[in-house]
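Chemist:
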Amino acid sequence: MSPVLKLTDLSVSFNTPRGMLKAVRSVTIELNAGESLGVVGESGSGKTVLSRATMGLLPRTAVRTGTVEYLGTDISNYSAKEVRDLWGTGMAMIFQDPMTALNPVRRIGDQLTESLVVRLGMDKKAAQEKAIALLKRVRIPDPDAMMRKFPYQLSGGMRQRIMIAIAVSCNPEMLFADEPTTALDVTVQAQVLELLSELRKEFNMAMILVTHDLGVVAGHTDKIAVMYAGDVVEYAPTRQLFSNMKMPYTEALLKSIPRLETPTGTRLPVIEGRLPDPTKDEPGCPFANRCPYVTDKCRAEKPPLTDGGNNHFYRCWYPIGGAQ
Amino acid sequence: MLNRFWKKPLGFKLSTVWIIFILFLAIFRDLLPGPAWDESTEALGVSPGSPGHFFGTTQDGFDVLAGIINGARLSVLVAVTSVLIGGGIGTFIGITAAYFKGKYDKVVNVVFNMMLSIPNLVLSLALISVLAATKDGIPASDSRKVFVMIISLIIVIIPILGRIARSATLQWSTREFIIASKSMGTKDMTIIKKHIVPNVAPAILAIGFFAIGVVIIVEGSLSILGIGIAGGASWGSMLAIGRSYLEFSPWETYFPVACIAFTVLSTNYFGDYVRANLDKRESKI
């Protein structure tokens, strides 16, 4: 069976006054049904652009190259209408901020039934029933009353559950979750992630979970792609990545997560420096200026994506623990 | 419902009552008792409060109250039709331009700016004097004048509301819930209808009410300039005749002026109120 999603050499650039801004550089990723991929990286590393580019939700100034295959069909040259037919029923997206991703002047019920009526051609009554079932499924208390409420009457966690209910309403094969928990507090975060994992198994969806938090992806993904400055710098099954990480960048990311066991007063390690200018193509490893293990070779030549065995790929001249 | 109405601010109550009153006059003109507006009576220039002529009569013997009641119909007709049609067209163009962007939007923006750069009174004046001109000494009929006036006012209104719709849509169309709805495969027209229109409606309604006031004033101004509706058939027209007799029968001028002023104030206040209250849900977020 062909994978649900296969990206080959996907690159995205934006036409800006300062020149071409390379947001995503030749990313290759494969995802099977029911599988979940975590895309991790700091702000500006191209995570969100990658997921929006895959769906085709990019502004006009964006230039996309490479191929996107969905269930074995190349959809990269689809017209706007053909792509739109896939949205909702094939691919759906959960947005970062549930405060802004719901229309403030329409009732939850209307927003939830909209795609059921428009995309699945359900009649009003059936859509209403399905919507209530969905609300129950995402564990909204008193779904009947919820249908009549406006978004401002709900908490952030509730709104994100509504967003999830809308996204899975048309049974998509592929779900993109773009930082679904960033706007939520930690306890709610855990519940929402748990819900996403359950739904993924229930509907056998493939999922891409975009986040800047390695802790979030650890328990909820099968594989992880670490992105830096538009490149996938490490790509491995989740267990493999955490037990045997190769990239100094991944290590630095992990170190910068606050931990309970560190004594009070300890400074949280940060990754010094900034991302390189995405409009310039400088030689060498893009992480060289911030890397603790940097050598002259790193500054001169950009490392290729190396296969380290066990489906573990990394982009480094001097991987931690040495090359295998 | 009446209970809730009494709790509203005084200005809202006054303007609502006034607007309903004017609409009532406009609709039920023919059923109201009193002298006909276009028939001269024996009493010339009687002051207000005289028996049979509550608002007095003009120097030519026309009953002022009857004129006011009759004038309401034309003012309402001109204002409502031009704002509804012009506003509808303008809103549609503005929303689609801002939503689809690209060349269409650029052209629309340039055209709107060009239209707005012509003073509306001058535009109406030019259109009426060309399309409803006096030919061979026979002035154009009043219905033709009204028709041309409505057309010219529609042209005036389109860019006013179009620009508001465009800017409001620009603000909303980049919001995440629009992208979210798009990502579920919703059609553009459905998104416009269900997500954009409800959000831009408060702004459009407020400016729409304001535009009604503008239209009523333009109609009055045209009459005073001598190219509007003649013979006292509208408030502006009554004003245009009455001002020559200001020193003898000032009530001839005062009553239509008061009507115009109250109506414009009411529509403006009403628009503001509608906007402030429809925006409440948004401001709570």
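Going line by line, the protein sequences match chains A and B.
The first sequence begins at 599 in the working numbering and counts up by one.
The second sequence begins at 105 in the working numbering and counts up by one.
Glycine included, every Cβ here is placed at the ideal spot set by N, Cα and C.
1) Straight-line CA distance for B:Gly375 to B:Phe116?
2) Just mark A:Leu858 as buried or exposed, buried being the case when its beta carbon has 16 or more other beta carbons within 10 Å.
3) State whether the segment 774-781 of chain A contacts the segment 815-826 of chain A, with contact taken as three or more CB pairs (one from each stretch) at a distance under 8 Å.
4) For B:Phe281 versus A:Asn701, is the C-beta spacing smaller than 7 Å?
5) Helix, strand or coil: which one does DSSP assign to A:Leu605?
6) Which residues in the same chain have their Cβ closer than 8 Å to the Cβ of B:Phe109, if we skip the five residues on either side of it in sequence?
7) Would you mind stating whether A:Ala731 and A:Leu714 have Cβ atoms separated by less than 7 Å?
8) Assuming contact is defined by CB atoms lying nearer than 7 Å, are A:Met761 and A:Ile706 in contact in what I supplied?
9) If I'm right that B:Ala201 touches B:Arg270 with Cβ under 8 Å, what's the distance once you round it to whole angstroms?
10) Going along chain B in order, which residues have a C-beta closer than 8 Å to the C-beta of A:Gly686?
11) Between B:Asn381 and B:Gly317, how many whole angstroms is the CB-CB distance? I'm expecting something under 8 Å.
12) Sorted by chain position, which residues of the same chain lie with C-beta nearer than 6 Å to A:Ala834's C-beta, five sequence neighbours on each side aside?
13) Roughly how far, in whole angstroms, is the beta-carbon of B:Gly312 from the beta-carbon of B:Val187, given that I think they are within contact range, below 8 Å?
14) What runs of the alpha helix (DSSP H), each 4 residues or longer, lie entirely inside the segment 765-850 of chain A?
15) Kindly give me the distance between the Cβ atoms of A:Tyr891 and A:Pro861, rounded to whole angstroms, as I take these residues to be in contact under 8 Å.
16) Under a CB-based cut-off of 7 Å, is B:Ser119 close to chain A?
17) Can you confirm whether A:Leu714, when its beta carbon is compared against all beta carbons of chain B, has any partner nearer than 7 Å?
18) Could you check the C-alpha separation between B:Ser221 and B:Gly289 for me, to the nearest Å?
19) Decide yes or no for the touch test of the segment 803-812 of chain A against the segment 639-652 of chain A: beta carbon pairs closer than 8 Å, at least 3 of them.
20) Could you tell me the alpha carbon to alpha carbon distance between A:Asp607 and A:Thr626, rounded to whole angstroms?
21) Any chance you could list the alpha helix (DSSP H) runs of at least 4 consecutive residues sitting entirely within the segment 344-388 of chain B, in chain order?
22) Going along chain B in order, which residues have a C-beta closer than 7 Å to the C-beta of A:Thr698?
23) Any beta carbon of chain A sitting closer than 7 Å to that of B:Thr200?
24) Measure the CB-CB distance between B:Leu265 and B:Gly191 and report whether it falls below 7 Å.
25) Just to confirm the assignment, what range does the beta strand (DSSP E) spanning A:Lys620 have?
26) So the candidates are B:Trp122, B:Gly160, B:Met253 and B:Val301; which of them puts its Cα closest to the Cα of B:Ile197?
27) Just to confirm, is the Cβ distance from A:Pro901 to A:Ala827 under 7 Å?
28) Give the residues of chain B in contact with A:Phe693, contact being defined as C-beta atoms less than 9 Å apart.
29) Classify A:Tyr891 as helix, strand or coil using the three-state DSSP reduction.
30) Whose C-beta lies closer than 7 Å to the C-beta of B:Ser387 among residues of the same chain, with five residues either side of it excluded?
31) Within a Cβ cutoff of 7 Å, which residues of the same chain sit near B:Ala398, ignoring the five residues on either side of it in sequence?
32) If you reduce the DSSP assignment to three classes, tell me which class B:Pro113 lands in.
33) Below 6 Å CB to CB, which residues in the same chain sit around B:Gly340 once its five sequence neighbours on both sides are set aside?
34) Quick one, are the C-beta atoms of B:Val252 and B:Leu235 less than 7 Å apart?
35) Whole angstroms is fine: what's the gap from B:Thr238's alpha carbon to B:Ala334's?
Modeler: If we stick to the structure as given:
1) Taking the second sequence and counting its residues from 1, one reaches residue 375 of chain B at position 271. Taking the second sequence and counting its residues from 1, one reaches residue 116 of chain B at position 12. Cα to Cα, the separation comes out at about 10 Å.
2) As a first step, residue 858 of chain A is located in the first sequence; it is residue number 260 there, counting from the start. Exposed is the call here.
3) no
4) The count along the second sequence starts at 1 and reaches residue 281 of chain B at position 177. The count along the first sequence starts at 1 and reaches residue 701 of chain A at position 103. When the beta-carbon positions are compared, B:Phe281 and A:Asn701 come within less than 7 Å of each other.
5) The residue given as residue 605 of chain A occupies position 7 in the first sequence. Three-state result, A:Leu605: strand.
6) Within the second sequence, numbered from 1, the residue matching residue 109 of chain B stands at position 5. Once the five neighbours on either side are set aside, the close Cβ partners of B:Phe109 are Lys117 and Thr120.
7) Here residue 731 of chain A is taken as the residue at index 133 of the first sequence, counted from 1. Here residue 714 of chain A is taken as the residue at index 116 of the first sequence, counted from 1. No, the Cβ-Cβ distance between A:Ala731 and A:Leu714 is not below 7 Å.
8) In the first sequence, residue 761 of chain A corresponds to position 163, counting from 1. In the first sequence, residue 706 of chain A corresponds to position 108, counting from 1. Result no, Cβ atoms of A:Met761 and A:Ile706 do not sit closer than 7 Å.
9) Against the second sequence, residue 201 of chain B aligns to sequence position 97. Against the second sequence, residue 270 of chain B aligns to sequence position 166. The Cβ separation is near 6 Å, so the contact holds.
10) As a working note, residue 686 of chain A is residue 88 in the first sequence. In chain order: Ser287, Met288, Gly289 and Thr290.
11) In the second sequence, the residue the question calls residue 381 of chain B occupies position 277. In the second sequence, the residue the question calls residue 317 of chain B occupies position 213. No, B:Asn381 and B:Gly317 are not in contact; Cβ-Cβ is about 19 Å, not under 8 Å.
12) As a position in the first sequence, residue 834 of chain A is number 236, starting the count at 1. For A:Ala834, where only same-chain residues beyond five positions count, the Cβ hits under 6 Å are His910.
13) Along the second sequence, read from residue 1 onward, the residue named residue 312 of chain B stands at position 208. Along the second sequence, read from residue 1 onward, the residue named residue 187 of chain B stands at position 83. With 8 Å as the limit, B:Gly312 and B:Val187 qualify as a contact, their Cβ atoms being about 6 Å apart.
14) 784-801, 812-816 and 836-841
15) Here residue 891 of chain A refers to the residue found at position 293 when the first sequence is read from its first residue. Here residue 861 of chain A refers to the residue found at position 263 when the first sequence is read from its first residue. That belief does not hold up - the Cβ atoms of A:Tyr891 and A:Pro861 are roughly 27 Å apart, past 8 Å.
16) For this step, residue 119 of chain B is matched to residue 15 along the second sequence. So, not an interface residue.
17) In the first sequence, residue 714 of chain A corresponds to position 116, counting from 1. By this cut-off, A:Leu714 is not an interface position.
18) Here residue 221 of chain B corresponds to residue number 117 of the second sequence, with the count starting at 1. Here residue 289 of chain B corresponds to residue number 185 of the second sequence, with the count starting at 1. Taking the straight line from one Cα to the other gives about 40 Å.
19) yes
20) Residue numbering aside, residue 607 of chain A sits at position 9 when the first sequence is read from its first letter. Residue numbering aside, residue 626 of chain A sits at position 28 when the first sequence is read from its first letter. Put simply, the backbone Cα of A:Asp607 is about 5 Å away from that of A:Thr626.
21) 355-382 and 384-387
22) Counting from one through the first sequence, the residue named residue 698 of chain A turns up at place 100. Residues of chain B passing the Cβ test: Arg279, Glu280 and Phe281.
23) The residue you call residue 200 of chain B lines up with position 96 of the second sequence. Taking Cβ atoms only, chain A never reaches closer than 7 Å to B:Thr200, which makes this a no.
24) Numbered from 1 along the second sequence, position 161 holds the residue referred to as residue 265 of chain B. Numbered from 1 along the second sequence, position 87 holds the residue referred to as residue 191 of chain B. In contact: B:Leu265 and B:Gly191 (Cβ atoms closer than 7 Å).
25) Against the first sequence, residue 620 of chain A aligns to sequence position 22. For A:Lys620, the enclosing beta strand (DSSP E) has its first and last residue at Gly617 to Leu629.
26) For this step, residue 197 of chain B is matched to residue 93 along the second sequence. Of B:Trp122, B:Gly160, B:Met253 and B:Val301, the residue nearest in Cα terms is B:Val301.
27) Sequence index remark: in the first sequence, residue 901 of chain A carries index 303 (1-based). Sequence index remark: in the first sequence, residue 827 of chain A carries index 229 (1-based). No, the Cβ-Cβ distance between A:Pro901 and A:Ala827 is not below 7 Å.
28) Working through the first sequence from its first residue, we reach residue 693 of chain A at position 95. Simply Glu280, Phe281, Ile283, Ala284 and Ser287.
29) The residue labelled residue 891 of chain A in the question sits at position 293 within the first sequence. Coil at A:Tyr891, not helix or strand.
30) For the purposes of this step, residue 387 of chain B is taken as the residue at position 283 of the second sequence. At B:Ser387, the pLDDT of 46 sits below 50, so the modelled position is not reliable; the number obtained from the coordinates is stated separately. Correct list: empty, nothing qualifies.
31) Nothing in the structure corresponds to residue 398 of chain B, since chain B is present only between 105 and 389.
32) The count along the second sequence starts at 1 and reaches residue 113 of chain B at position 9. Three-state result, B:Pro113: coil.
33) For the purposes of this step, residue 340 of chain B is identified with residue 236 of the second sequence, where counting begins at 1. Exclusion of the five residues before and after B:Gly340 leaves Glu323, Gly324, Ser327 and Gly332 as the residues of its chain whose Cβ lies within less than 6 Å of its Cβ.
34) Locating residue 252 of chain B in the second sequence gives position 148, counting from the first residue. Locating residue 235 of chain B in the second sequence gives position 131, counting from the first residue. Taking 7 Å as the Cβ cut-off, B:Val252 and B:Leu235 qualify as a contacting pair.
35) Taking the second sequence and counting its residues from 1, one reaches residue 238 of chain B at position 134. Taking the second sequence and counting its residues from 1, one reaches residue 334 of chain B at position 230. In a straight line, the C-alpha of B:Thr238 is about 13 Å away from that of B:Ala334.
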